[in-house]
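Here the sequence shown stands for residues -24 to -1, 1 to 135, where the numbers follow mature numbering (1 follows the signal peptide of the UniProt record, and there is no 0).
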Amino acid sequence: MKPTTLLSKMAIVFFFFLGTTAFSQNLVPAENLTPALLKQTFENAYIKVLETQDGFIKVQDTYDVFIDIDPSKRYVCFSSSYSLVAGTSPKDALELMNMLNTDIILVKSYYIEKNNSINYIAYFWTERGFSPQSMVSAFKMYVSALTLSLQKDTKKIIK
């Protein structure tokens, strides 16, 4: 075998391992999940962090979103709350909730009659580890679902 052939094969193997290592995602163990880690993750993704508290952060990327950490660190919860137009009947609000929960399966919508508001919620599981990239992707999908819900509100009852 020629030395150049062996050298070129070794170079190919080296670049293969280099490429797989460079593009691999490192999983963050659930026990490392803290508001500080969430803040760093979202700031690294150029998403504005508005507030950091014990157990949650508040971020803004088109919409304000709270990201709560489950006390057992099994998941994080993306949540948002929006007021409905004054005078919105519970019937109209519940019809909208039924339509949103049927058409948009990425988030769960709740109507809070006492506050005349709508709450959105979605979960991102962290129990066996997660990558920061997958968390940011899940967040962006949540924001897309919020946008879609506003488009589906044809009666314009969400403020």
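All C-beta atoms, glycine included, are put in the ideal place defined by N, C-alpha and C.
- At what residues does the beta strand (DSSP E) containing aspartate 84 begin and finish? Strictly speaking, residue 84 in this sequence is lysine, with aspartate absent from that position. Boundaries of the beta strand (DSSP E) harbouring lysine 84: 84 to 88, taken from the DSSP string.
- Message: What would DSSP say about asparagine 95, mapped onto helix, strand or coil?
- Response: strand
- Which ranges does the beta strand (DSSP E) cover as unbroken runs of at least 3 residues, wholly within the stretch 2 to 45, from first to last along the chain? 24 to 29, 32 to 37, 39 to 45
- Query: How about threonine 10: is its C-beta nearer than 7 angstroms to some C-beta of chain D?
  - Reply: Included in the structure is just one protein chain, with no chain D present.
- Task: Could you name the residues of the same chain whose beta carbon sits closer than 7 angstroms to that of phenylalanine 21, not counting the 5 residues immediately before and after it, in chain order?
- Result: Just to set this straight, residue 21 is alanine in the shown sequence, not phenylalanine. Val112, listed in sequence order.
- Query: In the structure shown, what three-state DSSP assignment does leucine 56 receive?
  - Reply: According to the sequence displayed, residue 56 carries serine and not leucine. Strand at serine 56.
- Message: I'd like the list of long-range same chain contacts for tyrosine 39, defined as Cβ closer than 7 angstroms, with 5 residues on each side in sequence excluded.
- Response: Ser56, Val119, Leu122
- Task: Given a cut-off of 7 angstroms, decide if isoleucine 94 and tyrosine 58 are closer than it, judged by their beta-carbon atoms.
- Result: yes
- Task: Starting from lysine 116, trace the alpha helix (DSSP H) both ways and give me its first and last residue.
- Result: It spans 108 to 128 - the alpha helix (DSSP H) in which lysine 116 sits, taken as one unbroken run.
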